[in-house]
Structures are given as structure tokens and as C-alpha cells.
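Asker: Each position in the sequence shown, counted from 1, maps to that position plus 58 in the working numbering.
Each residue gets a CB set at the ideal place from its N, CA and C atoms; glycine is no exception.
For reference, the structure I am asking about is given below.
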Amino acid sequence: LQERVEAKNLHLLLELGDVPGTLLGDPTRLRQAVLNYATNAVKFTEQGEVTLQAFLESDTSAGVLIKFEVTDSGIGISEEVQGRLFQAFTQADSSTTRKYGGTGLGLAISKQLVELMGGQVGLRSRPGEGTTFWCTALFQKQTVCQPAIVPSAELSGRRILIVDDNESNRTILHHLVSGWGMHDGQARN
Ligand code: ADP
Numbered sequence: 059l060q061e062r063v064e065a066k067n068l069h070l071l072l073e074l075g076d077v078p079g080t081l082l083g084d085p086t087r088l089r090q091a092v093l094n095y096a097t098n099a100v101k102f103t104e105q106g107e108v109t110l111q112a113f114l115e116s117d118t119s120a121g122v123l124i125k126f127e128v129t130d131s132g133i134g135i136s137e138e139v140q141g142r143l144f145q146a147f148t149q150a151d152s153s154t155t156r157k158y159g160g161t162g163l164g165l166a167i168s169k170q171l172v173e174l175m176g177g178q179v180g181l182r183s184r185p186g187e188g189t190t191f192w193c194t195a196l197f198q199k200q201t202v203c204q205p206a207i208v209p210s211a212e213l214s215g216r217r218i219l220i221v222d223d224n225e226s227n228r229t230i231l232h233h234l235v236s237g238w239g240m241h242d243g244q245a246r247n
């Protein structure tokens, strides 16, 4: 987005709430849904800023519900069309295609993706002031298994036996453990 934002002299802001760092979900679809909002926000804004936000909405046994909001200071959307914009091939009015192009499909795709991720979509807008499009998505908590990390100072000077039927693996491991100051007794070459 950065390139389009700079070309229009807009500000792109990112605000992250109290969102867990590691979650299990579908990053590709999530990116597609949020990026679609953000691309529209830049497209329909001539000055000011576009803000991307993420908040923790709820944390229950069903999963972690995160809310994503994209707010712009653009042209806004009148109340009578707000309700139908998530339908396929719908644009705010007939002048939109002439002025901005587009297909009216992006929001319908975002809605479907988000609903498949257990979430919902919506918007708030005031014509002439700007728009906020939001979506939620459900994620599972990820329990991360950290590999045991032993400080190399504790390993330095120790002996180690490397066992692997692949010579390249043995060589790689030899170099790795030698770097930690360990002795594996392998012939150096
Ligand atoms: P497209 O952008 O290809 O027309 P979308 O489904 O993404 O299709 O958007 C549908 C319509 O919703 C747009 O044509 C525009 O009229 C309106 N719209 C979407 N996002 C915004 C926004 N941030 N500000 C104003 N209007 C918007």
C-alpha cells in the first residue's frame, strides 16, 4: 500500500491493541480481506489518513475473536447505500465506476472470506467525513513449543558425539558445534 499512499500524500497509520502475538488462522485470506478494505480506503481518500487497527474482541473457549478496522478520511458513503455494499457488483452510485473504476466485487469477497473465518463485517460512515470498515475473525490459540536453548558458554569445551548417516549433515553439525566451542572428534578437513 505504501506506494499508493505516498503517491496521494496520505498518512498510513497502524494501531495494534492487546492482540496475542501467536494465533492459528489463515493469514492469506485474512490479508486478502483486510487489504481489500485498505485498498478501497486509499482509493476513496484524497487527503488525510488511513488507519489500520486490530483489537482483541473476546477470548473464549471457542477461540480468540479479533476485530480489524480500516478507517479513512475520504469521501464517505451515504446511509441508504451502506446496507447493500457487501452485495456482489454493488457500488455506491453510478458515478463511482466512471470516476474510480472497480467491479463492486471486493467487499462481497471480503464478507465471504470473513464469514468462513467465523467472523462478521460492517461499516460506519459519514458522507464527506470518512468511513470505517471492520471485520472480525476467529482464531485458535497457539501453544508454541520453544526448543530448549542452552547458552553456548555452557557448551564450550564439552565433548559431543554426532551421529547421522548423511555426511553433509555431519559436516554441517560439526561446524555448528565447533562454533560453540564443542569438540566432536571429527577429522577436520
Ligand atoms: P470496487 O472497489 O471494485 O468498486 P468493492 O466491493 O471493493 O468494489 O466496493 C464497492 C463500493 O463500495 C465501491 O465502488 C465504493 O462505491 C464503495 N466503497 C468501498 N470502500 C469505500 C471507502 N473506503 N470509501 C468510500 N466508498 C467506498
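1. Alpha carbon to alpha carbon, how far is Asp130 from Asn94?
2. What do you reckon, are the CB atoms on Glu127 and Phe197 nearer than 9 Å?
3. Mark Asn247 as exposed unless 16 or more other C-beta atoms lie within 10 angstroms of its C-beta, in which case mark it buried.
4. For Arg216 and Gly239, what's the separation of their Cα atoms in angstroms?
5. Between Ile230, Gln90, Thr189, Asn227, which lies nearest to Lys169 when the distance is taken from Cα to Cα?
6. Taking C-alpha atoms, which residue in Asn98, Thr86, Thr103, Gly75 lies nearest to Leu68?
7. Rounded to whole angstroms, how far is the Cβ of Ser183 from the Cβ of Gln140, which I believe are closer than 8 Å?
8. For Ala270, which option in Gly243, Ser136, His241, Ile124 has the closest C-alpha, if you only look at C-alpha atoms?
Answerer: Working from what's here:
1. Taking the straight line joining both Cα atoms gives about 13 Å.
2. no
3. Any reading at Asn247 must be qualified, since the residue scores a pLDDT of 45, below 50, and its modelled position is unreliable; the value itself is stated next. Label assigned to Asn247: exposed.
4. Each residue's alpha carbon lies about 8 Å from the other.
5. Gln90
6. Thr103
7. 6 Å
8. Residue 270 cannot be examined here, being either before or after the span of the chain that is shown, 59 to 247.
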